[in-house]
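K.L.:
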Amino acid sequence: MEKEQKEERIETFEEKFEKFIGTAKEEVSSLKAELNDVTELYNDFVKKPNTAVPSKAEKLNETFEKVTEYNIEISEIETKVQEFETKVFGKTTEDKEALKFKITELKSELEELHSDWEEKYGTLSTKIEDLLPGATSAGLAKSYHDQKKSYKTPNILWSIVFIGTMIGMVWYAVTTIKDSETVGGAFMNILARAPFFVPTIWLALFASKQQSQNRRLEQEYAHKESLAKSYEGYKREIAKLPESSDKDEIMEKLVASLIDASSYNPSETLEKKSHNDSPPLLSSLMNRKVDKTE
Numbered sequence: 002m003e004k005e006q007k008e009e010r011i012e013t014f015e016e017k018f019e020k021f022i023g024t025a026k027e028e029v030s031s032l033k034a035e036l037n038d039v040t041e042l043y044n045d046f047v048k049k050p051n052t053a054v055p056s057k058a059e060k061l062n063e064t065f066e067k068v069t070e071y072n073i074e075i076s077e078i079e080t081k082v083q084e085f086e087t088k089v090f091g092k093t094t095e096d097k098e099a100l101k102f103k104i105t106e107l108k109s110e111l112e113e114l115h116s117d118w119e120e121k122y123g124t125l126s127t128k129i130e131d132l133l134p135g136a137t138s139a140g141l142a143k144s145y146h147d148q149k150k151s152y153k154t155p156n157i158l159w160s161i162v163f164i165g166t167m168i169g170m171v172w173y174a175v176t177t178i179k180d181s182e183t184v185g186g187a188f189m190n191i192l193a194r195a196p197f198f199v200p201t202i203w204l205a206l207f208a209s210k211q212q213s214q215n216r217r218l219e220q221e222y223a224h225k226e227s228l229a230k231s232y233e234g235y236k237r238e239i240a241k242l243p244e245s246s247d248k249d250e251i252m253e254k255l256v257a258s259l260i261d262a263s264s265y266n267p268s269e270t271l272e273k274k275s276h277n278d279s280p281p282l283l284s285s286l287m288n289r290k291v292d293k294t295e
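Be aware that the sequence shown starts at 2, since it is given in this note's numbering, and climbs by one per residue.
1. Please state whether DSSP places P243 in a helix, a strand or coil.
2. Report the three-state DSSP secondary structure of S151 (helix, strand or coil).
3. Whole angstroms are fine: how far does the CA of D117 sit from the CA of V82?
4. Can you give the beta carbon distance from W347 to Q212, rounded, assuming they're within the 8 Å contact cut?
5. Can you look up R296 in the DSSP assignment and give me helix, strand or coil?
6. D249 to A229, Cα distance in whole Å?
7. For K17 and D38, I'd like the C-alpha separation in whole angstroms.
8. Checking 8 Å against the spacing of the C-beta atoms, do Y145 and E253 come in under that value?
9. Within 8 Å (strictly less), CB to CB, does L206 reach chain D?
10. Should N72 go down as buried or exposed, given a rule of 16 or more other Cβ atoms within 10 Å for buried?
11. Reducing DSSP to helix, strand and coil, say where T105 ends up.
12. Report yes if the C-beta distance between V162 and A208 is below 8 Å; otherwise report no.
13. Give the straight-line distance between the Cα atoms of E59 and K67, rounded to the nearest whole angstrom.
14. Which value, in whole angstroms, describes the spacing of the CA atoms of H115 and E106?
15. For N62 and E70, I'd like the C-alpha separation in whole angstroms.
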């Protein structure tokens, strides 16, 4: 009986031992698997592939340090923003209400200034538009005045030429008569010296013609200047007239007269026979020759 009990105990012990061995093997296998995982993690994060390349753990550490630095900078910026907000809006509700009231006042002042500037701009724009026609007529008058003045110097020069030529002919004639003892001799001397008198007379007539042309052009531009200067005055007087169809007609005639005067070319007056550009004596000789030919 005792023997059977011992055998049963031995069998029970063997079973327990086998279970323990099995459990131990399982634990060893699990530990090996965990060790392999740790080894892989070590190789992946801690172990460097070479000295030149940092490990993942070092990279993570660097990244963490940068994140910490950025966090500090963000905290500093946040502090400055809060200080600025406190400076602008105040800490209390009363400060914020006072700031809101001040902003409302500034907005009202800005709107008033905007309205004032719009009104001033409209007034100034109206004045400019009203002055534009006057400026145009004033510009025309100035242009005509300058053109009129440009003929004064040539007019003076041709006058000097004409007077000098006449004085020269008179002096030459007096000298010729003085040197002659008889009337017949004086006549012969004048006739002998006729080649001098012919071009001199031609020059005197040509100078007179040029003087006449310049004087005519000067008068034409003086008329244009006078009309341009009086245009704005006429326009204001017409504007004072009562509204009627005649008022519009008068204004149209005034504008038409200014346009006609501006478009008219004063040099057209020189196309007449009395103001042609050819020397007078030569022109008359050519006309006679043409008449004889016909």
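Virtual Cβ for every residue (Gly too), placed ideally from N, Cα, C. The structure displayed is predicted, hence computed values, not measured ones.
P.N.:
Let's see:
1. Along the sequence shown, one-based indexing puts residue 243 at 242. The DSSP-derived three-state label of P243 is coil.
2. Position 150 of the sequence shown, counted from the first residue, corresponds to residue 151. The answer is coil: DSSP assigns S151 none of H, G, I, E or B.
3. Position 81 of the sequence shown, counted from the first residue, corresponds to residue 82. Position 116 of the sequence shown, counted from the first residue, corresponds to residue 117. Whole-angstrom Cα-Cα distance: 38 Å.
4. The question about residue 347 has no answer, for the chain in this structure spans 2 to 295.
5. Since the first residue of the chain shown is 2 and the last is 295, residue 296 is not available in this structure.
6. Mapped onto the sequence shown, residue 249 falls at position 248. Mapped onto the sequence shown, residue 229 falls at position 228. C-alpha separation (whole angstroms): 20 Å.
7. In the sequence shown, the residue the question calls residue 17 occupies position 16. In the sequence shown, the residue the question calls residue 38 occupies position 37. Cα-Cα distance, rounded: 31 Å.
8. Translated into positions along the sequence shown, residue 145 becomes position 144. Translated into positions along the sequence shown, residue 253 becomes position 252. In this structure, E253 does not lie closer than 8 Å to Y145 by Cβ.
9. The structure shown has no chain D; it contains just one protein chain.
10. Position 71 of the sequence shown, counting from 1, holds the residue named residue 72. Exposed: under 16 other Cβ atoms inside 10 Å.
11. Taking the first residue of the sequence shown as position 1, residue 105 is located at position 104. Of the three classes helix, strand and coil, the one that applies to T105 here is helix, per DSSP.
12. Here residue 162 corresponds to residue number 161 of the sequence shown, with the count starting at 1. Here residue 208 corresponds to residue number 207 of the sequence shown, with the count starting at 1. Yes; because the gap between Cβ atoms is below 8 Å, this pair is in contact.
13. The residue labelled residue 59 in the question sits at position 58 within the sequence shown. The residue labelled residue 67 in the question sits at position 66 within the sequence shown. Using only the alpha carbons, I get a separation of about 12 Å.
14. Residue numbering aside, residue 115 sits at position 114 when the sequence shown is read from its first letter. Residue numbering aside, residue 106 sits at position 105 when the sequence shown is read from its first letter. So the alpha carbons of these two residues sit roughly 14 Å apart.
15. In the sequence shown, residue 62 corresponds to position 61, counting from 1. In the sequence shown, residue 70 corresponds to position 69, counting from 1. Straight-line Cα distance between these residues: approximately 12 Å.
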